[in-house]
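One structure is given here, and the rest of the page talks about it.
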Amino acid sequence: MKLRANAKINLSLQICGKRQDGYHLIDTVMQSVGLYDEVEITKADGISVESDSLDIKQEDNIAFKAAKLFFKDYAIDGGIKITIRKNIPSAAGLGGGSADAAAVLLGLNDLYNANIPKEQLCKTALKLGADVPFFIDGGCARAQGIGEALTPLKSLNCGYFLLAKAEKKPSTAEMYKILDSKEPITCDTTAVIDAVESGDLEKLSGNMVNSFATIWQESGVKSQLLALEPLAVSLSGSGPTWFALFKNEADAKKAKIELEKKNIDCWLATPETQAVIFE
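So the sequence shown is numbered by the working numbering: it starts at 16 and just counts up by one.
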């Protein structure tokens with residue numbers, strides 16, 4: 016079975032406070048985009064993962080953890096071989112690992128005819144990470160709490176995104192610590208949702224805000240994207256990937272060519288209505 020695991024971008028992201036246990040509360044609008052990892056699963060003895068990504072222990076791969084959790088949570092006696100071809104850059108704020116984990120959960124559910132409802136799969140997904148439940152459905156959703164409280168939205172149906180990965184960053188935990196010492200950035204999430212659901216790119220471009228962007232104000236990639244005169248430029252997740260919003264494909268492609276001339280890794284992507292697509 017072959018699946019496409021789409022990345023996500025954050026059309027807005029606001030830090031709203033911190034819980035007593037130290038976890039930060041967020042309010043964000045996430046949108047699936049057509050930059051994807053290729054995930055193939057096959058029934059096998061035991062659980063194994065092959066990936067062309069960074070060299071990490073198999074047991075530390077979130078796709079491996081997803082498979083192990085699936086068999087445990089639903090008392091299924093089975094095994095799986097997982098092969099992942101990475102196209103989504105790692106540690107980039109695009110949710111590549113989380114998308115792969117969701118693809119494994121959905122794929123196993125189908126491969127083993129388990130008929131687990133998506134609501135239950137989301138509970139399993141949450142054990143893997145706060146943003147993994149989003150990738151069970153994907154499309155567009157508002158995420159609150161620590162990212163696990165999802166409200167499905169009508170997916171954006173227009174526009175083109177040019178994604179560019181910038182400088183290396185500290186861990187997400189350290190990024191939150193840095194953010195704690197800075198003035199909070201507010202975001203009109205309602206305006207973002209209205210813009211997305213009405214397909215109003217002008218309104219969307221005026222309201223795309225990310226609290227983490229204050230840490231990346233001197234980003235060279237951000238400056239390069241702004242010079243291409245898109246509708247707007249914003250940050251995905253805690254970074255370091257920036258994305259530019261364009262009204263039409265021609266302008267987005269021209270911008271991509273200009274960035275590539277400067278040896279900047281970049282990807283063109285459209286909004287998608289699903290996070291995981293069965294091929």
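Glycine is no exception: its CB is placed at the ideal position from the N, C-alpha and C atoms.
- Between residue 149 and residue 22, the CB-CB gap reaches or exceeds 8 Å.
- For the pair residue 54 and residue 115, the CB atoms are nearer than the 8 Å cut-off.
- Residue 239 is classed as buried because its beta carbon has at least 16 other beta carbons within 10 Å across all chains shown.
- Contact annotation: residue 131 and residue 50 have beta-carbon atoms that are not nearer than 8 Å.
- Comparing alpha-carbon positions, the option among 264, 107, 154, 87 lying closest to residue 124 turns out to be 87.
- Counting along the chain, residue 166 sits inside the beta strand (DSSP E) bounded by residues 164-168.
- By the Cβ rule, the segment 67-80 does not count as touching the segment 190-207, because fewer than three pairs are nearer than 8 Å.
- In the structure shown, residue 152 falls within a helical segment according to DSSP collapsed to helix, strand and coil.
- Shown here, residue 197 sits in coil according to DSSP, grouped into three states, outside any helix or strand.
- For residue 137, the secondary structure class from DSSP, reduced to helix, strand or coil, is helix.
- Taking all protein chains in view, the Cβ of residue 184 is crowded by 16 or more other Cβ atoms within 10 Å, so the residue is classified as buried.
- Of all alpha-carbon atoms in 26, 179, 155, 175, the one lying nearest the alpha-carbon of residue 277 is that of 179.
- A contact is defined here as three or more CB-CB pairs under 8 Å, and the segment 194-204 meets this definition with respect to the segment 21-37.
- Each of 255, 217, 138, 61 was checked against the Cα of residue 246, and the nearest Cα belongs to 217.
- Taking residue 172 as the centre and dropping the five residues before and after it, the same chain places the C-beta of 214, 286 closer than 7 Å to its C-beta, in chain order.
- In this structure, DSSP gives residue 205 a helical state, which the three-state scheme calls helix.
- The alpha-carbon separation between residue 119 and residue 260 amounts to approximately 30 Å.
- In this structure, the CA atom of residue 17 is about 15 Å from the CA atom of residue 82.
- The segment 128-145 and the segment 159-168 touch, with three or more beta-carbon pairs separated by less than 8 Å.
- Here the C-alpha atom of residue 188 lies approximately 36 Å from the C-alpha atom of residue 60.
- Annotation: residue 89 to residue 135 spans about 10 Å, alpha carbon to alpha carbon.
- Taking residue 63 as the centre and dropping the five residues before and after it, the same chain places the C-beta of 96 closer than 6 Å to its C-beta, in chain order.
- The C-beta of residue 293 has fewer than 16 other C-beta atoms within 10 Å across all chains shown, which makes the residue exposed.
- DSSP, read as helix, strand or coil, puts residue 47 in strand.
- In the structure shown, the three-state DSSP call for residue 250 is strand.
- Within the segment 51-126, the runs of alpha helix (DSSP H) at least 4 residues long that lie entirely inside it are, in chain order, 77-88, 111-126.
- Per the DSSP secondary-structure output, residue 19 pairs in a beta bridge with 53, 292.
- Annotation: residue 267 is outside any beta strand (DSSP E); the continuous alpha helix (DSSP H) that includes it extends over 264-276.
- Residue pairing by DSSP places residue 171 in no beta bridge whatsoever.
- Note on geometry: alpha-carbon atoms of residue 105 and residue 112 lie some 8 Å from one another.
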